[in-house]
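Report on one structure; see the data block that follows.
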Amino acid sequence: MRRIGFILFTLAVMTTLVKLGLWQMSRAQEKEALNIALERRSEQVYYSLASLPSDPRWYGLTLHGKFEHSKAVLLDNQLYRGRPGYHLLYPFAVDDGWFLVNLGWIAAPQYREQLPVLPEHHGELKITGIIDQPSQLIELSAESLDFDWPLRVQNLHMDELSTVMNLPLQPWILQIEPDSPVALQQTWIPVVMGPQKHYAYALQWFLLAVAVSGLAFWWLKPPSTGHRQE
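In full-length UniProt numbering, the protein residues as written are 1 to 230.
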């Protein structure tokens, strides 16, 4: 009975390990497809909000308009080379609406109660970037927004920001291109983990499955001399 139980347990472990490996392979293929879509979409640039497709994520967008500096947003908990900071976002006014633009990373002062000095860019500007969906961090409790500007937030809830700003913001953000004269330090990564790491994880799971099968075979094979106690 112990022998049968061991075989069943080994098969269950091997099945689980193989499934984990296949899941990582599937994730790697998804990331490859995302990278291809990102590359293709970013090469196509739109020039107005009205012309955007229903799913504009990762398409390029060029806009002419003005920043509203009085309603700056500081996205909290952004690290760059181990240093804490923020992503600075300004609403950008164009003829047919408003778009929240991420200018990039700005260092945080030494003390939490202090805020960084924010750069301002006045007048009519032309900006280009990649459209992205605001990413969300896990929140232990609902975040309440106040009217103290600049607004420091943990996540970008576009509906709430639109209400607080009293502006009809688009549900997307524009990640400014790194070469823009208004761009800060760029830390945005469109795909957090590339397919290579998923393939590496898949290989680890498959190798573990092989190792388990090898150990099981060694334990189950008839002894050459003597008898194995059960």
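Cβ coordinates follow ideal geometry from the N, Cα and C atoms, glycine included.
None of these values were measured; they are calculated from a predicted model.
DSSP state of residue i mapped onto helix, strand, coil
i	result
glycine 214	helix
lysine 221	coil
threonine 128	strand
glycine 5	helix
proline 171	strand
valine 117	coil
isoleucine 176	strand
alanine 93	strand
glutamine 44	coil
glutamine 185	strand
histidine 198	helix
glycine 21	helix
phenylalanine 147	coil
serine 135	coil
arginine 27	helix
glutamine 110	coil
Beta-carbon gap between residue i and residue j smaller than 7 angstroms
i	j	result
tryptophan 98	leucine 156	no
leucine 174	valine 101	yes
methionine 165	lysine 71	yes
glycine 104	glutamine 154	no
lysine 66	alanine 107	no
alanine 216	threonine 10	yes
glutamate 32	proline 195	yes
arginine 3	aspartate 76	no
isoleucine 176	glycine 129	yes
glutamine 78	tyrosine 86	yes
isoleucine 127	leucine 63	yes
serine 213	methionine 14	yes
Unbroken beta strand (DSSP E) run spanning residue i, endpoints
i	result
valine 101	97-107
valine 153	151-153
proline 53	Run containing proline 53: none; DSSP gives neither H nor E here.
threonine 62	60-67
Beta-carbon proximity list for residue i, same chain, < 8 angstroms, skipping 5 on both sides
i	result
alanine 50	Asp96
valine 18	Trp205, Phe206 and Ala209
proline 56	Tyr46, Ile131 and Trp172
methionine 25	His198, Tyr199 and Ala202
phenylalanine 147	Val164
glycine 5	none
Where the alpha helix (DSSP H) through residue i begins and ends
i	result
valine 164	158-165
Minimum Cβ-Cβ distance from residue i to chain B less than 7 angstroms
i	result
leucine 184	Judged by its chain identifiers, the structure shown contains no chain B, having just a single protein chain.
Beta-ladder partner(s) of residue i, from DSSP
i	result
arginine 83	Tyr80
leucine 74	Leu88 and Arg152
Own chain partners of residue i with C-beta closer than 7 angstroms, once the 5 adjacent residues on each side are dropped
i	result
alanine 37	Trp58
proline 150	Ala72, Val73, Leu74, Leu115 and Leu118
proline 178	Gln186
Residues near residue i by beta carbon distance below 6 angstroms, same chain, minus five either side
i	result
glutamate 120	His69
proline 84	Ala108
alanine 28	Pro195, His198 and Tyr199
Residue i: CB within 6 angstroms of a non-hydrogen atom of the ligand GTP
i	result
leucine 88	This structure lacks the ligand GTP; in fact it carries no ligand of any kind.
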